[in-house]
Each structure stands twice: as C-alpha cells, then as structure tokens.
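Our numbering runs 1 ahead of the 1-based position in the sequence shown.
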Amino acid sequence: MKQIVLGTTGITVPQNGFGALPIQRISEEAAVAILRRAYAGGIRFFDTARAYTDSERKLGLAFGDGFVPREELYIASKTMAKTLEEFRKDLETSLELLKTDYIDIFQFHCAGQVYSPGDGSGMYECMLEAKEQGKIRHIGMSAHKIQVAIDGAKSGLFETIQFPFSYIATEKELELVQICKENQIGFIAMKGLAGGLINNSKAAMAFMTQFDHVIPIWGIQKESELDEWLSYMQDTPVLTEELKAFMEKERGELNGNFCRGCGYCMPCPQGIEINTCARMYLMLRRAPSDMWLTEAMQEKMKKVETCIGCGKCAKKCPYGLNTPEVLKWNLEDYKKVLKGEVKVTAE
Numbered sequence: 002m003k004q005i006v007l008g009t010t011g012i013t014v015p016q017n018g019f020g021a022l023p024i025q026r027i028s029e030e031a032a033v034a035i036l037r038r039a040y041a042g043g044i045r046f047f048d049t050a051r052a053y054t055d056s057e058r059k060l061g062l063a064f065g066d067g068f069v070p071r072e073e074l075y076i077a078s079k080t081m082a083k084t085l086e087e088f089r090k091d092l093e094t095s096l097e098l099l100k101t102d103y104i105d106i107f108q109f110h111c112a113g114q115v116y117s118p119g120d121g122s123g124m125y126e127c128m129l130e131a132k133e134q135g136k137i138r139h140i141g142m143s144a145h146k147i148q149v150a151i152d153g154a155k156s157g158l159f160e161t162i163q164f165p166f167s168y169i170a171t172e173k174e175l176e177l178v179q180i181c182k183e184n185q186i187g188f189i190a191m192k193g194l195a196g197g198l199i200n201n202s203k204a205a206m207a208f209m210t211q212f213d214h215v216i217p218i219w220g221i222q223k224e225s226e227l228d229e230w231l232s233y234m235q236d237t238p239v240l241t242e243e244l245k246a247f248m249e250k251e252r253g254e255l256n257g258n259f260c261r262g263c264g265y266c267m268p269c270p271q272g273i274e275i276n277t278c279a280r281m282y283l284m285l286r287r288a289p290s291d292m293w294l295t296e297a298m299q300e301k302m303k304k305v306e307t308c309i310g311c312g313k314c315a316k317k318c319p320y321g322l323n324t325p326e327v328l329k330w331n332l333e334d335y336k337k338v339l340k341g342e343v344k345v346t347a348e
C-alpha cells in the first residue's frame, strides 16, 4: 500500500481518500456505516465541505464522540464564504457538525481568485486567524479554473491545492500537478472518474499511482464502490502498457468540449438542470442505464427547449463551454435515442 505525503503539511495517508460529497444522497444510517467501513479498510483521508448539505454531519456521526482517535484520521473541509462573517460562521458550523476541535485542512471552496494577505478582502487573514486559534491545521484551496489553481500553487500561500484530475488530464493540468510537486504542495485530486465519465476504476487507480504527492478522493456512496477502492489498497493496479494504450484511446474520445458536471453554471433562470442535461450524450454511452430514459428524466431534458440563450451559464463555466449550444445538441441526440434512431451502447 502506497503512502501519500501531502507536501509540507506532513500529512501521510494511504493512497486512497474518501470524497464525501455523494453521501448527501444516502440515508444517515447508510452513510455512517459506509464511512466506518472505509476507516476499517484503511482509508484515513476524508474530504467534505460546508456546501455539501449534510455531509459534514454524517462524518461527525460516524467518527465523533470518540468513535476513533481523532489523530488517526484527517478531515478536509471547505467554505464558499465571501465575507469575514460568513467565513467564521462556516468554520464554527463545520467544527460543530464534524464533532471535532479542529479541521486538518480548511479550503477556499471553488475559488474564483487567489486570496492573499492585504488584498482588502480579509479572507486569507481569516484563515491565518483560525490557524493561530488551532481551529484549522493547514490552509488550502479548491478550484475548477486552471489558471486560478496555478496562480494559487505559485503563490506560496497554500499547503494544498484541490483540482479535478484524472487520466484524461490535459497538459495544463499535468503542469499544475508538477508545479505543486516542485513547491512541496499537497495535491488533492477530485473527479478522478471525471464525474462518472470514466468507467474503468483499475485504469483510474493505476494512473494515480504515478504521483507520490497526490491523494485522490473517490466519491463513494455505495458499498460496491467502497469495496472496489478498498481492494486496490493492497492489490494496487500497475500501469501496464495495455492500460496506457487504453487511457490514450480514452483521452482521444473525451478530449474537447464536454460538460464535466461540476454544477457551477447553476442555477439556470429557466430551471434547466444544466449539469445533467449538458452531458447526457456521454452518460448514455459511457454509463448506459434505464434511469436516463425515465419519464422524469425526459421532462428534465425537455426543459432544455425553454433555454432563452441568456449566456449566464456560459459565463460561469470554468471550462469555457458555450453551454447553450452544448445543451442544444445534447437534446437533439437525446430525442434520436428516444425514437430509436440512435442505438446507445457503452463505447
């Protein structure tokens, strides 16, 4: 089992982390059970956020009140606060829900800029204050815009950077990971399965093993998913020539303008569920399921017809997509699938 050292934080954990965003979608009982099974299986790094509804509370129920020694696990959380008051409120709420006296890594969530001392916002000073008070141990940031992440990595102000990273990564994303390595910054890799578009976990895991400062946080909400990642703790996939060829083929198929499902384009003034509808083409082919064709899903896709082309979603897209156009051709393809004109199978 490989151990990952997160830069100058000194945090050393087994090679797989737990992304706790998906446990919002399951019951309290199921979440507590799966979190405790993850811990029993050797996972020690858990990533959550104030914005993930009840995720922090479920982590607190699973590990708080002395269920496990606090020093035996590492918890990262995030705040989307834009004011000092919001920051302090978020931090106190997170500590309370997580049932802990401190958070190992506290991150600016989906940062749109690199906060720094003296920039007038006071946000970085809030981080320093919390660290001095012992409420947080390390300062990090998560981002979806590559230049913001690179600027953050070069600033010398952050001990960890969290960014989407998988085997379909671009040269720019690989450059970010290298910058973090050179500057001894721990890298937290979110969306290691590209938001569900990657369906080969063995290849995804083998790719991550190349980086000794990168901790992938796999989104987990099912026992079967957890079993898969736990199996790789001891029997870690090797990056063979066969897997390299497979990943190269995948990069070719998934390279370009496609929706990653991050949801930062939301909300839509017309009520369109953009982060579902704008990637229906790929989900139908890469994760085929009857759920994509239910009456409820058909209604969601039909909602795309109400798009007024205001462009608000495109302005907020961290990947620079022309979102209204992406929605339009996804809908056109969806209609062909419903009519049977296009046969959908896993690519």
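For each residue, glycine too, the CB sits at the ideal point set by N, CA and C.
None of these values were measured; they are calculated from a predicted model.
Anticipated Cβ contact below 8 angstroms, residue i with residue j, distance rounded
i, j, result
"residue 319", "residue 308", "Not quite, the Cβ-Cβ distance comes to about 20 angstroms (not below 8 angstroms), so this is no contact."
"residue 104", "residue 227", "Between residue 227 and residue 104 the Cβ distance is about 23 angstroms, and since that is not below 8 angstroms, they are no contact."
"residue 150", "residue 164", "5 angstroms"
"residue 153", "residue 77", "About 15 angstroms separates the two Cβ atoms, so there is no contact after all."
"residue 44", "residue 15", "7 angstroms"
"residue 110", "residue 156", "Not really, about 17 angstroms apart at Cβ, beyond 8 angstroms."
"residue 273", "residue 304", "5 angstroms"
"residue 8", "residue 210", "Incorrect: roughly 18 angstroms between the Cβ atoms, too far for contact."
"residue 314", "residue 260", "Not confirmed; about 10 angstroms, so no contact."
"residue 51", "residue 117", "22 angstroms between Cβ atoms; not a contact."
"residue 18", "residue 217", "6 angstroms"
"residue 345", "residue 285", "5 angstroms"
"residue 240", "residue 208", "7 angstroms"
"residue 263", "residue 214", "Contact flag wrong, Cβ pair sits at about 23 angstroms."
Residue interval of the alpha helix (DSSP H) (run including residue i)
i, result
"residue 128", "124-133"
"residue 324", "324-340"
"residue 33", "29-41"
"residue 111", "Here residue 111 belongs to no alpha helix (DSSP H), and DSSP marks it neither H nor E."
"residue 311", "From DSSP, residue 311 is part of no alpha helix (DSSP H); its letter is neither H nor E."
Which of helix, strand or coil DSSP assigns to residue i
i, result
"residue 52", "coil"
"residue 21", "coil"
"residue 2", "coil"
"residue 253", "helix"
"residue 151", "helix"
"residue 212", "coil"
"residue 61", "helix"
"residue 305", "helix"
"residue 45", "coil"
"residue 297", "helix"
"residue 8", "strand"
"residue 343", "coil"
"residue 146", "coil"
"residue 315", "helix"
N- and C-terminal bounds of the beta strand (DSSP E) containing residue i
i, result
"residue 159", "Here residue 159 belongs to no beta strand (DSSP E), and DSSP marks it neither H nor E."
"residue 138", "137-143"
"residue 14", "13-15"
Short CB-CB distance (under 8 angstroms) between residue i and chain B
i, result
"residue 177", "Of the chains in the structure shown, none is chain B; there is only one protein chain."
Any contact between the region 25-33 and the region 58-71? By contact I mean 3 or more CB pairs, one from each, below 8 angstroms. yes
Below 8 angstroms, can you find three or more Cβ-Cβ pairs linking the region 167-175 to the region 230-243? no
Are the region 120-128 and the region 80-93 in contact at 8 angstroms, needing three or more beta carbon pairs? yes
Closer than 8 angstroms is the cut-off here; do at least three beta carbon pairs connect the region 62-73 with the region 244-264? no
Which runs of the beta strand (DSSP E) fall wholly inside the region 65-108 and span at least 3 residues, in chain order? 75-80
Uninterrupted alpha helix (DSSP H) stretches inside the region 260-284 (no shorter than 4 residues): 275-278
Can you give, in chain order, each stretch of the beta strand (DSSP E) that sits fully within the region 153-208 and has at least 3 residues? 161-165, 187-191
Residue ranges of each alpha helix (DSSP H) run of no fewer than 4 residues wholly in the region 215-250, ordered along the chain? 224-235
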